[in-house]
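Counting in our numbering, the sequence shown runs from 1 upward without gaps.
For glycine and all other residues, C-beta sits at the position ideal for the given N, C-alpha and C.
Only one structure is covered here, and it is reproduced in the block below.
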Amino acid sequence: MPPLISNSLFRKTRSSNRYSSAAKIAPSLVLYWFFSDYTDVTLTYRIREQLDPGLSFAKDIIMESDLSDLRYLYRFGEYISDSELQIASYLNSLPEETIEKMASTYTEGYRKGFAVMGRELSKKKTVSIRYELGFERMIRAAIRQFEEMGLEVILYRAAVWSVTMSPNRKIGYHGTSANMQFDYDHRYDQTIYLDKAFKERKLAVLRTAYENCKKLAAEYAGPAVVETFGEDGFEPVNKPEAYSLSEKQEELQIAYSNEAMPVVNQYIPGDETSFTIIAFPVPAIGKDFAEIFHETIRINTLDYEEYKKIHQNLVDVLDQAEYVTVTGNAEAGNETRMKISLHALTDPAKQTNFENCVADVNIPVGEVFTSPVLAGTEGLLHVSQVYIGDFQFKNFRMEFKDGKITTYSCDNFADPEEGKKLIRQQILKNHDTLPMGEFAIGTNTTAYAVARKYGIMDKFPILIA
Numbered sequence: 001m002p003p004l005i006s007n008s009l010f011r012k013t014r015s016s017n018r019y020s021s022a023a024k025i026a027p028s029l030v031l032y033w034f035f036s037d038y039t040d041v042t043l044t045y046r047i048r049e050q051l052d053p054g055l056s057f058a059k060d061i062i063m064e065s066d067l068s069d070l071r072y073l074y075r076f077g078e079y080i081s082d083s084e085l086q087i088a089s090y091l092n093s094l095p096e097e098t099i100e101k102m103a104s105t106y107t108e109g110y111r112k113g114f115a116v117m118g119r120e121l122s123k124k125k126t127v128s129i130r131y132e133l134g135f136e137r138m139i140r141a142a143i144r145q146f147e148e149m150g151l152e153v154i155l156y157r158a159a160v161w162s163v164t165m166s167p168n169r170k171i172g173y174h175g176t177s178a179n180m181q182f183d184y185d186h187r188y189d190q191t192i193y194l195d196k197a198f199k200e201r202k203l204a205v206l207r208t209a210y211e212n213c214k215k216l217a218a219e220y221a222g223p224a225v226v227e228t229f230g231e232d233g234f235e236p237v238n239k240p241e242a243y244s245l246s247e248k249q250e251e252l253q254i255a256y257s258n259e260a261m262p263v264v265n266q267y268i269p270g271d272e273t274s275f276t277i278i279a280f281p282v283p284a285i286g287k288d289f290a291e292i293f294h295e296t297i298r299i300n301t302l303d304y305e306e307y308k309k310i311h312q313n314l315v316d317v318l319d320q321a322e323y324v325t326v327t328g329n330a331e332a333g334n335e336t337r338m339k340i341s342l343h344a345l346t347d348p349a350k351q352t353n354f355e356n357c358v359a360d361v362n363i364p365v366g367e368v369f370t371s372p373v374l375a376g377t378e379g380l381l382h383v384s385q386v387y388i389g390d391f392q393f394k395n396f397r398m399e400f401k402d403g404k405i406t407t408y409s410c411d412n413f414a415d416p417e418e419g420k421k422l423i424r425q426q427i428l429k430n431h432d433t434l435p436m437g438e439f440a441i442g443t444n445t446t447a448y449a450v451a452r453k454y455g456i457m458d459k460f461p462i463l464i465a
């Protein structure tokens, strides 16, 4: 374990006339040099564990444990709640053919993603699985199926170091949060040490880490993600004691993200990889959990070809349009009024505005989508309740002008400014504005009917409904 105060910090204190010993240095300075000095350890290992199938700690647990003995869950070293225990127990009750069906929908969606985008999967050797603990029986089947495709599975824990973790989501395997308010309070602990020098050091370490792992990076095909839904909406409290980024630090964070992306893309070219996402409910969804889970399997395995034909009919009509208007259901209290501008097709026989999205990268089937023309795209988007990540936004409003966000609000807090801050942090990622990236029409009426039947419309993720 590294020392609390790094060697370089002692060197700095010995050479300084202002401080005679490390003990006299402000705690924040001690932490600054600790994180700065050890970034080349923590970040370098983080890159490796995302690419190296030889780090098989979690995979070994899944493949070698007796999954009927739920004590295996505690071997992961994560917090294990009743949710993980109940999910694992429920999956143990399902017949093997159901487990295989769940896994094959997931792995086949991944394979189809490469085929649809015209990318060569045979050149790749590894795939990473990200999921919430409790689904090990399905994950075991998926590992075997991926291996049949020639892909070795990488499993890594969601980051816990502030240097490597995302303030907005967990990336990797993880359990249910033991205390979501604690996680929320500490999402910006990097405030202690984030400055321009640290940003530059982290970028330098990132480049070196990828260079050291460039062969593994070239073999990496992309992530396969299992999401969950059904938890009660988390209502955060903004505590004055919690760290928050200054305006300058927000700029540095955005700059780091913008400069890190080309580095990652150099070693893992985006046009050579793909992904897939599938979602299942957790017991917190209520007494009908088993029925909803069964219905979710049905939704996730709807007929690919049938929806492809339905979608094409929609695309053929939409390709004749200059714009689309979206009007909320006033009787239900939805105030949405939007105009979406579309690209002009110069050769309609060969061109299209909309993607026919069936069950490949996004599972289940159910949308046609486009990237709109920003000029002329405007209006109000209003949603009474929507889950984005771990947060349920209430009475969410976002206005657009020429395709860019102008104003936004939600009713999560009594103080409207606190609601704006939450949207800025969780959705805009601390940008002042962002352009509309996608306009989509959902077609999965089966999912909609299930949501209405069980009263879970506010719990279904955007991925499904």
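- By the neighbour-count criterion, in which a residue is buried when 16 or more other Cβ atoms sit within 10 angstroms of its Cβ, L91 is buried.
- With distances taken between CA atoms, E291 lies nearest to L94 out of W161, L94, Y307, D402.
- For H311, the number of other beta carbons within 10 angstroms of its own is at least 16, and it is reported as buried.
- Closest by C-alpha distance to A58, out of E259, S89, H174, is H174.
- Nearest Cα to P269 within the set I254, T301, G222, E259: G222.
- Listed in chain order, the non-local C-beta contacts of K459 below 7 Å within the same chain comprise F229, G230, I285, local neighbours out to five positions each way being set aside.
- The beta carbon of R201 is closer than 7 Å to those of S36, T39 in its chain, skipping five residues each way along the sequence.
- Burial state of S257 is exposed, judged by a 10 Å Cβ sphere holding fewer than 16 other Cβ atoms.
- Taking every protein chain shown into account, the CB of V160 has fewer than 16 other CB atoms within 10 angstroms, so this residue is exposed.
- For R46, the number of other beta carbons within 10 angstroms of its own is at least 16, and it is reported as buried.
- With a cutoff of 9 Å on beta-carbon distance, A242 and Y304 are scored as not near each other.
- Pairing V264 with Y448, the inter-Cα distance amounts to about 38 Å.
- A440 places its beta carbon less than 9 Å from that of F369.
- S65 is a Cβ neighbour of R75, given a cutoff of 9 Å.
- As for any beta strand (DSSP E) of minimum length 3 sitting wholly inside the segment 102–160, the runs are 126–130, 152–154, ordered along the chain.
- The C-alpha of F400 lies about 10 Å from the C-alpha of T433.
- Per DSSP, the unbroken beta strand (DSSP E) holding G442 starts and ends at 439–442.
- In this structure, T301 keeps its C-beta atom at 9 Å or more from the C-beta atom of P281.
- R397 has H382, S409 as its beta-bridge partners, per DSSP.
- Pairwise C-beta distances place the segment 317–331 in contact with the segment 344–353, as three or more of them are shorter than 8 Å.
- DSSP links S274 through a beta bridge to no other residue.
- Here the segment 162–169 does not lie against the segment 108–121, with fewer than 3 beta-carbon pairs under 8 Å apart.
- The segment 187–196 makes contact with the segment 239–253: 3 or more CB pairs, one atom from each, lie closer than 8 Å.
- Taking each of E96, G134, E147 in turn and checking the Cα distance to Y110, the smallest one comes out for E147.
- With a threshold of 16 other beta carbon atoms within 10 Å, Q392 meets it and is buried.
- Per DSSP, the continuous alpha helix (DSSP H) segment holding M180 begins and ends at 180–185.
- Going by DSSP, F198 is part of the alpha helix (DSSP H) stretching over 196–212.
- I297: member of the alpha helix (DSSP H) spanning 289–300, first to last residue.
- Annotation: A330 to Y106 spans about 38 Å, alpha carbon to alpha carbon.
- For K453, the uninterrupted alpha helix (DSSP H) segment begins and ends at 445–454.
- Looking at E136, Y32, I143, the one whose alpha-carbon comes closest to that of K125 is I143.
- Rounded to whole angstroms, N238 and E418 show a C-alpha spacing of 8 Å.
- Judged by beta-carbon spacing, E250 lies within the 9 Å limit of N430, meaning their Cβ atoms are closer than that value.
- Take V373, set aside five residues on each side of it, and the residues of its chain with a beta-carbon closer than 8 Å to its own are S341, L342, H343, G403, in chain order.
- Unbroken beta strand (DSSP E) stretches of 3 residues or longer found wholly inside the segment 313–352: 323–327, 337–341, given in chain order.
- H174 sits in a strand when the DSSP states are folded into three classes.
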